[in-house]
Structure formats: structure tokens, C-alpha cells
Ligand SMILES: [Zn+2]
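Residue numbers (my numbering), protein chains in the order written: chain C, 79 to 426; chain W, 243 to 456.
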């Protein structure tokens with residue numbers, strides 16, 4: 079009998095509720111994936127405002143849960159376990175999801191699994207591409223995180239190989255979008271503008287690629303400043319800023335560093351699979367370059383479809399399904415959200 | 243009817259089971275009917291403003307166990323909507339909403355200051371901590387009706403108390419249920435479980451971007 083796992087996500091600005099079926103053969107099937115986003119409420123602030131996000135989560139939590147059960151054609155009594163993002167993320171935002179999950183688990187008298195958001199971004203791939211070959215490497219890129227992870231067991235053994243030392247990749251997109259008068263969040267409009275531009279037009283720096291830099295860490299702060307200098311220089315000379323070329327050249331620099339380091343890490347570790355996930359994974363240049371470089375290096379590349387890459391409840395349900403199937407002990411009902419939950423803690 | 247009462251608007255994490263009885267739904271429109279009776283069956287309270295999220299659901303389960311019932315015996319949930327300065331206020335509201343949703347029972351919002359006032363008879367001034375050197379306050383007449391507030395502001399803006407002064411008290415489960423008793427007994431459609439924030443979120447629109455070149 080398949081087990082039905084409900085997943086709740088509220089670490090940033092998306093309220094997500096997902097339902098999956100965990101089958102006996104280890105496959106996990108997506109049944110519902112409902113998301114309510116407060117992104118538009120944050121747009122004029124140029125970034126996520128924690129209090130606004132928390133307020134929106136509270137409003138959206140129960141209605142989103144309703145929609146998920148309607149979409150799956152299930153009733154609440156069908157649920158066998160509840161999984162929830164325990165961290166990392168915004169404290170007030172996490173609190174809403176964790177509190178809701180505890181109440182649902184208590185009322186339905188089923189186990190609760192407080193799980194790691196970052197591991198959820200990797201686990202979500204099993205909904206689309208089936209069981210994950212391990213070990214594998216995962217590159218997580220979004221507005222909140224930029225990390226290179228080694229996965230030996232999705233339900234328990236994840237180690238960080240590298241991460242950003244300053245901005246997340248998605249943050250750099252937001253800041254460059256602002257420079258170019260493009261809307262927030264910056265990923266999609268830059269990707270679109272870059273299509274008509276020349277990625278070789280401007281040689282923006284590749285951060286953290288010097289011989290003495292940490293091999294698998296990232297830095298996007300210098301790149302962002304370089305783009306600002308370049309744009310201000312053009313403006314200072316009274317020239318029109320070639321938005322498409324700037325966008326394409328910036329995007330090239332980001333995708334180049336991300337994919338080069340990820341493929342190098344996989345090759346050096348002798349790992350045959352790379353998963354690229356998180357909101358920025360939907361970026362067209364990143365996925366194209368990752369595909370080319372993985373093919374050259376003989377590495378299998380797995381990128382979940384864009385809808386699964388951004389924050390959602392299905393990824394948490396999927397991770398909950400793997401954790402439950404591995405027989406791990408459920409979380410206690412006095413579970414607390416942990417905004418700084420380390421990536422190697424898959425289950426709290 | 244057994245009611246689950248929750249509040250996380252003060253430093254206390256409050257969960258209780260209250261037995262509510264009173265005039266049948268048809269009678270409550272008349273003003274001279276018998277008062278509803280709310281009696282505490284079990285309660286769990288911990289004063290710790292940082293533990294709302296952690297302790298509320300365990301407190302609910304413990305109160306239910308102490309009452310010798312199961313959650314399925316609960317006929318309605320009543321939740322304090324603040325005002326309250328803690329991020330934990332939302333823990334109480336989403337817990338109440340999710341419990342009510344999964345149990346298939348209504349969840350009624352009550353102003354936490356009303357719940358504190360809904361005790362002994364007579365006029366009252368209720369004051370609670372709003373942090374940032376401010377307080378929340380509301381005034382009540384002899385019949386228990388709110389006559390002012392809820393407000394947020396510095397302590398020196400609070401009027402002199404007329405009648406009882408409830409200064410930095412926390413609501414009891416019985417007070418929480420009393421504040422919603424007529425709606426619960428009448429089976430009225432509950433309003434939305436929206437916190438009484440009283441303050442706007444702290445957020446500033448970005449200023450003109452700073453240049454990186456001089
Ligand atoms: Zn994420």
C-alpha cells in the first residue's frame with residue numbers, strides 16, 4: 079500500500095503544500111503541489127520582507143492545504159505522515175509552517191518529520207526522474223542559496239562541498255536587474271533580456287576562480303560590483319546601456335562559474351550524476367551550459383522542471399517520503415523551527 | 243460542548259479545554275436569557291515568550307489527555323487574535339486554524355484583550371505588553387462590552403482605569419471561551435482568524451541606488 083505524505087513549506091515567500099504517494103518499490107509519485115506566493119508584495123521593496131512573508135503564510139496556509147487535497151482528490155484522513163520545512167529560512171515564516179504541520183500531525187494522529195529545505199530541493203527530483211543514484215552531487219541555486227552538495231543518502235547523508243561566501247546567485251540576479259531597470263525578481267527578466275544579447279560582449283569577472291581561491295566556493299559580490307561599474311561608466315559617457323549585452327554577459331559569468339565548479343567537483347569525486355535545482359536552475363543559460371559540460375564530462379545531468387525547482391510543498395513531501403521509508407524516527411511535537419539549520423541535518 | 247481554547251498573544255503559551263453550556267441557539271437573540279456557563283476542564287500554560295511555536299501543540303495534547311478526551315471530542319476551537327507583539331502570535335492562529343480544519347470544526351477568533359476582560363463582572367481597563375516601550379490597551383463597560391481600543395501606544399496615553407485594572411495579565415481558557423461564547427453557542431459562521439496587528443510591518447522601499455564608482 080502506498081503511503082500518503084503531506085509536505086508543508088514556508089521558509090521564504092512561498093506557502094507550499096504538496097501531497098505525494100510513497101510506493102513500496104521506493105518510487106515517489108506527485109499527487110498535488112499547491113503554492114501561494116507573496117512575491118508581488120515584496121517587489122517594491124526589492125527583496126523579501128520577513129514580516130510581510132510571515133503574514134502572508136498565515137493567511138495562505140489553510141486555504142493552500144484545502145486546494146492540495148482537492149487537487150489530489152484525497153481527504154485529510156488519507157494522510158500517513160506530515161513533513162515540514164524545519165529550516166533553514168526566515169524564522170517567522172518557518173514558524174507558521176512548523177506550527178501548522180504540528181497541528182495537522184496531532185489532529186490526524188500521524189508522524190511528523192521536520193526536514194531540511196535544502197535536501198528537499200534535491201529530493202524533489204525523484205518525483206520527476208525516479209530514484210536518485212547515490213552518491214551524486216547537487217548544485218542548489220536560488221535567491222537564498224548557492225551550494226554544492228554531495229549526497230550519499232537523500233534521507234540522511236548530505237555534505238557541503240562548497241557554498242557562496244557572499245551573495246546567493248539569485249540575489250546577484252536581483253541586484254543586476256535593478257541596475258538595468260528590470261523588475262524583481264531578477265532571474266526571469268534577465269534571462270529574457272539576455273536572449274538578444276552577446277554573452278561575450280563584456281568580459282565580466284569569474285569570482286573565486288583564482289589559483290588560491292577555495293576550489294568549490296562561489297562569490298557573486300565582485301561580479302555585481304563589476305556590472306555596476308560598467309553600467310555607470312557607460313552612463314557617465316552618455317551612452318545608452320546595452321541591456322541585452324550586459325544581461326547576457328552577466329548571465330554567462332554566473333552560469334560559467336556555477337557549471338565549471340559543479341562539473342569539476344563531480345569529476346574529482348568520481349560521481350556520475352549531477353542534480354541542478356533551486357529557482358535559478360530554471361535559467362536557460364545555466365541549464366544549457368550544464369548540459370554541454372556534463373555531456374563532455376560523461377556526467378548524467380538531472381534538472382527538475384521549473385515548477386519543481388522553485389520552493390514548494392511537494393519537495394518537502396518527497397523528502398518526507400524518503401526519510402519515512404528509511405525508517406528514521408519521526409520528529410517530536412515540540413519541534414522548533416531552526417532558521418540556521420545546517421545542510422547536513424536532513425531530519426530534525 | 244467541549245471547546246479548545248488557545249492564545250499566544252502574551253508571553254504565555256495557553257491551551258485549555260473548556261466545557262461551554264448555555265441557552266440554545268434559538269434563544270440567544272433575546273437579551274434576558276441565561277448567561278452561558280464556561281468551566282475549565284483542563285489547562286496547560288507556560289510563560290515563555292519564545293516557546294509559543296515549540297510548546298503549543300504539546301500543550302494542546304496534554305490538556306486533551308488531562309481532560310480524558312480525544313481531539314475528536316472537541317466541538318469548536320477559540321483562538322486569541324492578539325494584539326500581541328510576538329511572532330508567536332501567528333503560531334496560535336495557524337495552530338487553531340489547522341486543528342479546526344483537520345477536525346472539521348469551526349475556529350472562532352477573539353480579541354485577546356476581550357478574553358482577559360471576560361472575567362469578573364464590571365468595568366475594566368486591560369493593558370498588555372506591546373514591547374518597543376509601548377502597550378496595548380482596551381476599555382470595557384460594566385456590561386463587559388468593549389468601549390475603546392484595542393490601541394497601541396506609550397503607557398502615558400493609557401487612560402486612568404475605571405473599575406478593574408488588568409495590567410499585563412494573560413487570558414485564561416475560560417476567558418477565551420467566554421469572549422466567543424454567544425457566537426459558538428449560536429453556531430454562527432466564524433470570522434477570519436486574522437491577527438490584530440495594529441502596527442504596519444517594518445519595511446522600507448529602497449532608496450535611490452548608491453553608485454559604486456565615485
Ligand atoms: Zn529554496
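Note that CB positions come from ideal geometry on N, CA and C, so glycine has one too.
On a predicted model such as this, the values are computed, not experimentally measured, just so you know.
- Look at residue 122 (chain C): its C-beta is under 8 Å from a C-beta on chain W.
- If you draw a straight line from the Cα of residue 260 (chain C) to the Cα of residue 391 (chain C), it is about 29 Å long.
- Looking at the DSSP output, residue 380 (chain C) sits in a beta bridge with C:353.
- With a minimum length of 3 residues, the unbroken runs of beta strand (DSSP E) contained wholly in the segment 373-400 of chain W fall at 376-382 and 388-395.
- At least 8 Å separates the CB of residue 431 (chain W) from every CB of chain C.
- For residue 310 (chain C), the residues of chain W that pass the 9 Å Cβ criterion are 453, 454 and 455, in the order they occur in the chain.
- At least one CB atom of chain W sits nearer than 8 Å to the CB of residue 182 (chain C).
- Annotation for residue 384 (chain W): 363, 364, 365 and 405 place their beta carbon closer than 8 Å to its own, counting only its chain and skipping 5 residues before and after.
- Every alpha helix (DSSP H) of 4 residues or more that sits fully in the segment 85-160 of chain C is shown, in chain order, as 117-120 and 128-150.
- Contact of residue 145 (chain C) with chain W is not assigned, every C-beta pair being separated by 8 Å or more.
- In the DSSP assignment, residue 191 (chain C) falls within the unbroken beta strand (DSSP E) covering 190-194.
- Setting aside the 5 residues that flank it on each side, residue 246 (chain C) is surrounded in the same chain by 220, 221, 222, 223 and 224, each with a C-beta closer than 7 Å to its C-beta; the list follows chain order.
- Collapsing the DSSP output to three states places residue 313 (chain C) in a helix.
- Beta-carbon to beta-carbon, residue 284 (chain C) and residue 323 (chain C) are separated by about 18 Å, too far to satisfy the 8 Å threshold.
- Residue 329 (chain W) is classed as buried because its beta carbon has at least 16 other beta carbons within 10 Å across all chains shown.
- The alpha-carbon of residue 192 (chain C) is positioned some 25 Å away from that of residue 246 (chain W).
- With its beta carbon at least 8 Å from every one in chain W, residue 162 (chain C) lies outside the interface.
- A distance below 7 Å between beta-carbons, with the five flanking residues on each side excluded, links residue 356 (chain C) to the following residues of its chain, in chain order: 199, 218, 219, 220, 223 and 387.
- Along the length of the segment 202-282 of chain C, whole beta strand (DSSP E) runs at least 3 residues long occupy 214-219, 224-231 and 235-241, reported in chain order.
- Distances from the CB of residue 222 (chain C) to the heavy atoms of ligand 1 include at least one below 7 Å.
- For residue 356 (chain W), the three-state secondary structure derived from DSSP is helix.
- Per the DSSP secondary-structure output, residue 412 (chain W) pairs with nothing in a beta bridge.
- The distance from the Cβ of residue 322 (chain W) to that of residue 409 (chain W) is about 18 Å, inconsistent with a contact at the 8 Å cut-off.
- The C-alpha of residue 136 (chain C) is placed about 23 Å away from the C-alpha of residue 397 (chain C).
- Proximity of residue 410 (chain W) to chain C, defined by a Cβ-Cβ separation below 8 Å, is not satisfied.
- If you draw a straight line from the Cα of residue 113 (chain C) to the Cα of residue 399 (chain W), it comes to about 43 Å.
- Only buried fits residue 180 (chain C), as 16 or more other CB atoms lie within 10 angstroms of its CB.
- In this structure, the alpha-carbon of residue 415 (chain W) lies about 10 Å from that of residue 261 (chain W).
- Comparing C-alpha distances from residue 107 (chain C) to each of C:414, C:406, C:330 and C:400 shows the shortest one belongs to C:400.
- Judged by their CB atoms, residue 95 (chain C) and residue 142 (chain C) are nearer to each other than the 8 Å cut-off.
- DSSP places residue 288 (chain W) in the uninterrupted beta strand (DSSP E) bounded by 279-289.
- When the alpha-carbon of residue 374 (chain W) is set against those of W:392, W:293, W:382 and W:397, the nearest one is in W:397.
- Of the heavy atoms belonging to ligand 1, none sits nearer than 7 Å to the Cβ of residue 135 (chain C).
- Under the Cβ criterion of 8 Å, residue 170 (chain C) is counted among the residues facing chain W.
- For chain W, the residues of the segment 125-145 of chain C that bring a beta carbon within less than 9 Å of one of its beta carbons are 125, 127, 128, 129, 130, 132, 133, 135, 136, 137, 139, 140, 143 and 144, in chain order.
- Here residue 373 (chain C) is exposed. Its C-beta has fewer than 16 other C-beta atoms within 10 Å.
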